[in-house]
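Numbering (mature numbering (1 follows the signal peptide of the UniProt record, and there is no 0)), first residue to last: 163 to 560.
Here a beta-carbon is modelled for each residue, glycine too, at the ideal position from N, C-alpha and C.
Nothing here was measured: the structure is a model prediction, and the numbers come from that model.
A short write-up of the structure that comes next.
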C-alpha cells in the first residue's frame, strides 16, 4: 500500500496511546527540512538530503572513508592488476605506470628500459663512454690512464717522438675536405705532449710540388702547432707522393729542420694522408724511408689506392695502413692513430746512447706501437678486399 522506500513511508506504533508520536513523525516527513542546507553536516565533498536525514557522498575518483564523511582518492594501484614493472601511480583515469630514475617507459606503457646516458648527454669522454644505471663512466684505451677529470686520458708524456705529417693537397681533395684533414691533424696534436723536449711536429703539404708548412723545430707547444695547421693554405694541384716522400727523407728529418740526433734514439714517425693514386713513382723513396728507420703510417681516403698505401707503410702493412671511405668519416681512425703514434713509457731523453747502427730501441718502439692498430687494420683489410671484388664486378658488367 505504501510507496517505496517502505522504511520511509510505513509507520508502526505499539498502541493508540502513542498515536501522537506517529503524528509528529508524519508531520516531520511532510514538512521536512533540508538538513544539508542548514550546514553542520560535516561532509567533505557532497551532502545528500533525505527525509529527516542526510548522507555524505564523494566526487568521482574518491571513496567515502570509515567516518562516512571524509573522502580519500581511490588507489587504483592497490587492486594489484596494473602490471607496472617499476612503479604504479594512481590517477583519476586509473592506474599509470612510471619508471625509476635513469629509466624510460617503453611503448607498452608498463615496461621500463635503462637509459643510455652516453647517447643522451654530452658525456665529454675522450675515448669511450659506458652507461651504468643512473650514471656513466669514461674508459681509456689499453695503455692509457684516466685523468683526474674522469674524462680525458693521459697524453704521450713519457715517450718522445719526431712526427712529420705529409698531407695531400691535390685538386681531388677539394677545399672543404682539406679543412677536414686539418681538423683531423689537430685532433692528433691534441693527444701529444708537444714541447722541444717531448714530441716535435712538422707538416709538409704536397701536390705537384712539395712545401714545408713548418719544420719539426719551429713550434714548442700544441697551441702553436694547431694554429699553424689552421693557417695552411690549400695548394690544389697534382699528386706527387713520391716527391713528398723524398723531401721527407732528405730534409724533414734532418737536424737542420729540428729533428733530434739519431744518437738519442728518438723515434721518427712519418704519417701520410692521401686520397688518390700518385702521379710519380713512390717505391724508391718509400723503401728509403724505412731504411732510414722512419716508422711509416699511411692513411687513405676515398679513392686512395691500397697497393700504394701498403708500399708507403712500414711492415707489417696491415698494421700501418688505415682507410676511410670519405673525409667526413675518417675521424673513426683517430683513436687507433693516437695509440699508435704515442710510444710506451721508457723512451726518453735520458735513454742510454747507442750506436746509430743498433736498432733495438726502434724495434722496441715498433713492437709497442704496432699492436694497437691490429684489430682495426684487419677489418680494413677485409673491407678493402670486398671493395676490390665490387670494382671487379662493376668492370665485368661494363
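- Task: Within its chain, find whatever has a CB closer than 8 angstroms to the CB of residue 515; leave out the 5 residues flanking it on each side and keep chain order.
- Result: Taking the first residue of the chain shown as 1, we reach residue 515 at position 353. In this predicted model, residue 515 has a pLDDT of only 33, less than 50, meaning its place in the structure is not dependable enough to derive any value.
- Assign residue 417 to buried or exposed, taking buried as 16 or more other Cβ atoms, counted over all protein chains shown, within 10 Å of its Cβ. For this step, residue 417 is matched to residue 255 along the chain shown. Under this definition residue 417 is an exposed residue.
- Specify the secondary structure class of residue 371 as computed by DSSP and reduced to three states. Taking the first residue of the chain shown as 1, we reach residue 371 at position 209. Secondary structure at residue 371: coil, using DSSP grouped into helix, strand and coil.
- Task: May I have the straight-line CA-CA distance separating residue 456 from residue 484, to the nearest angstrom?
- Result: Translated into positions along the chain shown, residue 456 becomes position 294. Translated into positions along the chain shown, residue 484 becomes position 322. Computed Cα separation, rounded: 18 angstroms.
- residue 389 lies in the alpha helix (DSSP H); which residues open and close that run? Within the chain shown, residue 389 is the residue found at index 227, counting from 1. Start and end: 384-392.
- Query: Out of curiosity, what's the CA-to-CA distance linking residue 529 and residue 463?
  - Reply: Translated into the one-based positions of the chain shown, residue 529 becomes position 367. Translated into the one-based positions of the chain shown, residue 463 becomes position 301. Confidence is the limiting factor: at residue 529 the pLDDT is only 48, short of 50, which leaves the residue's position unreliable, though a coordinate-based value still follows. Going from the Cα of residue 529 to the Cα of residue 463 covers about 26 angstroms.
- Message: the ligand NAD and residue 389: does any heavy atom of the ligand fall closer than 7 angstroms to the residue's C-beta?
- Response: Absence of the ligand NAD is noted for the structure shown, with no ligands found whatsoever.
- Query: Does the separation of the CB atoms of residue 363 and residue 343 fall below 8 angstroms?
  - Reply: As a working mapping, residue 363 is identified with position 201 in the chain shown. As a working mapping, residue 343 is identified with position 181 in the chain shown. No; because the gap between Cβ atoms is not below 8 angstroms, this pair is not in contact.
- What's the C-alpha gap between residue 328 and residue 446? Here residue 328 corresponds to residue number 166 of the chain shown, with the count starting at 1. Here residue 446 corresponds to residue number 284 of the chain shown, with the count starting at 1. Put simply, the backbone Cα of residue 328 is about 17 angstroms away from that of residue 446.
- Item | First through last residue of the alpha helix (DSSP H) which encompasses residue 338 | If you number the chain shown from 1, residue 338 lands on position 176. Unbroken alpha helix (DSSP H) run through residue 338: 337-352.
- Would you list the one or two residues that DSSP bridges to residue 216? As a position in the chain shown, residue 216 is number 54, starting the count at 1. Answer is 211, bridged to residue 216.
- Query: So who's on the other strand from residue 363, going by DSSP bridges?
  - Reply: In the chain shown, residue 363 corresponds to position 201, counting from 1. Paired residue(s): 325.
- Which residue's Cα is closest to the Cα of residue 443: 413, 405 and 466? Position 281 of the chain shown holds residue 443. The candidate whose alpha carbon is nearest that of residue 443 is 405.
- Task: Could you have a look at residue 249 and say whether DSSP puts it in helix, strand or coil?
- Result: Here residue 249 refers to the residue found at position 87 of the chain shown. DSSP places residue 249 in strand when its eight states are reduced to three.
- Message: Assuming contact is defined by CB atoms lying nearer than 8 angstroms, are residue 217 and residue 233 in contact in what I supplied?
- Response: Your numbering for residue 217 matches position 55 in the chain shown. Your numbering for residue 233 matches position 71 in the chain shown. Not closer than 8 angstroms, so no.
- Residues that DSSP places opposite residue 422 in a beta bridge: Along the chain shown, read from residue 1 onward, the residue named residue 422 stands at position 260. The partner list for residue 422 (beta bridge, DSSP) is empty, contrary to what the question assumes.
- Message: Quick check on the DSSP output: the alpha helix (DSSP H) that includes residue 463 runs from which residue to which?
- Response: Looking up residue 463 in the chain shown gives position 301. Run containing residue 463: none in the alpha helix (DSSP H); it sits in the beta strand (DSSP E), 456-463.
- Query: How far does the alpha helix (DSSP H) with residue 403 in it reach, from first residue to last?
  - Reply: Here residue 403 refers to the residue found at position 241 of the chain shown. Taken as a continuous stretch (DSSP letters only), the alpha helix (DSSP H) holding residue 403 covers 403-409.
- Hey, quick one: how far does the alpha helix (DSSP H) through residue 468 stretch, first residue to last? The residue given as residue 468 occupies position 306 in the chain shown. Taken as a continuous stretch (DSSP letters only), the alpha helix (DSSP H) holding residue 468 covers 468-474.
- Query: Roughly how many angstroms lie between the CA atoms of residue 174 and residue 204, to the nearest whole one?
  - Reply: Start at 1 with the first residue of the chain shown, and residue 174 comes out as number 12. Start at 1 with the first residue of the chain shown, and residue 204 comes out as number 42. Each residue's Cα considered, the two are about 31 angstroms apart.
- Residue range of the beta strand (DSSP E) that includes residue 235: Position 73 of the chain shown, counting from 1, holds the residue named residue 235. Per DSSP, residue 235 belongs to the beta strand (DSSP E) from 233-235.
- Query: Does the region 381-395 touch the region 271-287, meaning 3 or more C-beta pairs lie closer than 8 angstroms?
  - Reply: no
- Task: Go ahead and pull the three-state DSSP assignment for residue 205.
- Result: By 1-based counting over the chain shown, the position of residue 205 is 43. Residue state, collapsed to three classes: coil.
- Since residue 300 sits in a beta bridge, which residues does DSSP pair it with? The residue given as residue 300 occupies position 138 in the chain shown. Per DSSP, 291.
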